[in-house]
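Undergrad: The following block contains the structure, expressed as structure tokens.
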Amino acid sequence: MKGTHLGEFEELVLLTCALLINSAYSVTIGAEIEEQTGRTITLSTVHTALYRLEKKGYLESYMGGTTGERGGRRKRLYRITASGFEVLNQAKDMRNRMWDMMPDYKF
């Protein structure tokens, strides 16, 4: 299906949203990806991936409660959908099949 595959960064964002139950918003997602990958991530890159994943139906967003640290502003939080979980499993299965087919290289 065109437009429903995951790019590498989208896969990382989706995985991170699945890991950060009830606390996945752009800042925490970017920070977790930076910590796990050692990459420098911009918030605009995270936002772009979040919008794409939500449009594909792999994430859904909702507004969290107000917090003092944000001057009373609410956070847009994200959670993985059943379709998102399914596509992550498909990506994992595909990668595992290919790794299992990898010949033993002798260098």
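Converting from the sequence shown to the numbering used here requires adding 223 to each position, the first position being numbered 1. No residue lacks a Cβ here, since even glycine has one placed at the ideal position from N, Cα and C.
Under 9 Å between the Cβ atoms of Y281 and L243?
TA: Contact flag unset, no.
Undergrad: Roughly how many angstroms separate the alpha carbons of E277 and D327, rounded to a whole number?
TA: Taking the straight line from one Cα to the other gives about 40 Å.
Undergrad: Can you name the start and end residues of the beta strand (DSSP E) that K329 belongs to?
TA: K329 -> no beta strand (DSSP E), and no H or E assigned at all.
Undergrad: Just checking my contact of T239 with E255 at CB under 8 Å: how many whole Å lie between their CB atoms?
TA: With 8 Å as the limit, T239 and E255 qualify as a contact, their Cβ atoms being about 5 Å apart.
Undergrad: When DSSP builds the beta bridges, which residues end up paired with I303?
TA: Bridge partners of I303: L282.
Undergrad: So, under 8 Å CB-CB, L266 and S284 are touching, yes? Tell me the CB distance rounded to an integer number of Å.
TA: 15 Å between Cβ atoms; not a contact.
Undergrad: Mapping the DSSP letters down to three states, classify R262 as helix, strand or coil.
TA: Looking at R262 - three-state DSSP - the assignment turns out to be coil, as it is neither helix nor strand.
Undergrad: Hey, L235 and V310: beta-carbon distance below 9 Å or not?
TA: Contact: no.
Undergrad: Judging by CA-CA distance, which residue of T260, I264, N245 is the nearest neighbour of G253?
TA: Ranking T260, I264, N245 by Cα distance to G253 puts I264 first.
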